[in-house]
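Residue numbers (the numbering used here): 307 to 572.
The beta-carbon is built from N, C-alpha and C at its ideal position, and this holds for glycine as well.
Just so you know, these numbers come straight off a predicted model, no measurement behind them.
First comes the structure, then the notes that go with it.
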C-alpha cells in the first residue's frame with residue numbers, strides 16, 4: 307500500500323518505486339481494473355501527492371494490473387443519482403486530469419490489454435503512452451448513452467487532431483495498439499507484455515532532465531500553446547526564470563567541463 311497517508315485510501319491503487327520513478331498501478335483485476343468511486347478518489351489523492359508533494363519522485367508511471375490497463379468507470383456503481391451528485395463525481399475525475407496535465411512532473415502511461423472509456427481518458431491525459439501491439443482502445447461512452455468525459459473531449463483532439471478524435475468519440479470504435487500508434491495516440495509500440503518495462507525505461511530518461519525546466523515546459527504546453535500569442539507569452543514568462551536557476555548554471559558548467567550535469571530542481 308502507499309507509503310503516505312491518504313484520506314481516501316483504497317488498496318486497489320498501489321504505489322511502488324524504482325529509484326526516482328513512482329509506479330502507480332490500478333489493481334482491480336476482477337473487473338478489468340474498472341474504477342469505482344473510492345478507487346478514483348484514492349487515485350486522485352495519490353497522483354496529487356506524487357506530483358506536488360513528494361520530493362522523491364521525478365516521474366510517475368501509470369499502469370494496470372494483470373495485463374489490463376482499465377475498463378473505465380465501474381458500471382456496477384452507475385446507480386440513479388441527482389444532477390448535483392453526478393457533478394461532484396465528475397469533478398473528482400476531472401481533478402485527476404488537471405493534476406496530470408498541469409502538474410510539474412511527467413506522467414507516462416503503460417497500456418496492456420484494454421483502455422476503454424475513462425481508462426482511455428486517463429491514458430490520453432498522460433504525457434506519453436507506451437502500449438503493446440495487442441492493446442485495445444475504445445472511447446466507449448456512447449455505447450452506454452453518455453458523452454465522453456474525464457477530460458477526453460479536450461485531450462484527444464489535442465493529441466490526434468479533431469477529425470480523428472471526432473470519429474473515435476462518435477463511433478465508439480475499438481482500435482488496437484498498432485492503429486493507435488499509426489494515428490499518434492500511442493507514442494511507443496512494444497511487444498505484448500513489455501509496456502511497463504518500456505515505460506519505466508523512458509521514465510528514467512525523463513528523470514535525468516532538470517525538474518524546474520520540465521515543470522515549466524509542461525505548464526507551457528498545457529496552458530500556453532493554444533495560439534501563437536499564448537505560446538510566445540509562455541516563453542517570455544518562463545525562460546527568464548529558468549535562466550536564473552541553479553540547474554541552468556549547472557548545465558552550462560557541465561557542458562564546458564565535458565561532464566554529465568546533476569540537476570537538483572533549483
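Taking C-beta atoms as the reference points, residue 442 and residue 414 fail to come closer than 8 Å. Residue 370 is bridged by DSSP to 332.
Relative to the Cα of residue 402, the nearest Cα in the group 451, 457 and 360 belongs to 457. Nearest neighbour of residue 452 by Cα position, chosen from 378, 564 and 407, turns out to be 378. Taken through DSSP and simplified to helix, strand or coil, residue 312 comes out as coil.
Taken through DSSP and simplified to helix, strand or coil, residue 572 comes out as coil. Per the DSSP secondary-structure output, residue 388 pairs with nothing in a beta bridge. Across the structure, residue 568 and residue 494 are spaced so that their CA atoms are roughly 27 Å apart. The beta carbon of residue 335 sits closer than 6 Å to those of 371 and 372, all from its chain and outside the five residues before and after it, given in chain order. Using a Cβ distance threshold of 8 Å, residue 327 and residue 506 count as a contacting pair. Boundaries of the alpha helix (DSSP H) harbouring residue 562: 552-563, taken from the DSSP string. Only residues of its own chain outside the window of five on either side were considered, and among them 338, 339, 419 and 420 have a CB closer than 6 Å to the CB of residue 374, listed in chain order. Ranked by Cα distance from residue 509, the first of 499, 323 and 315 is 323.
For residue 566, there is no enclosing alpha helix (DSSP H), as DSSP marks it with neither H nor E.
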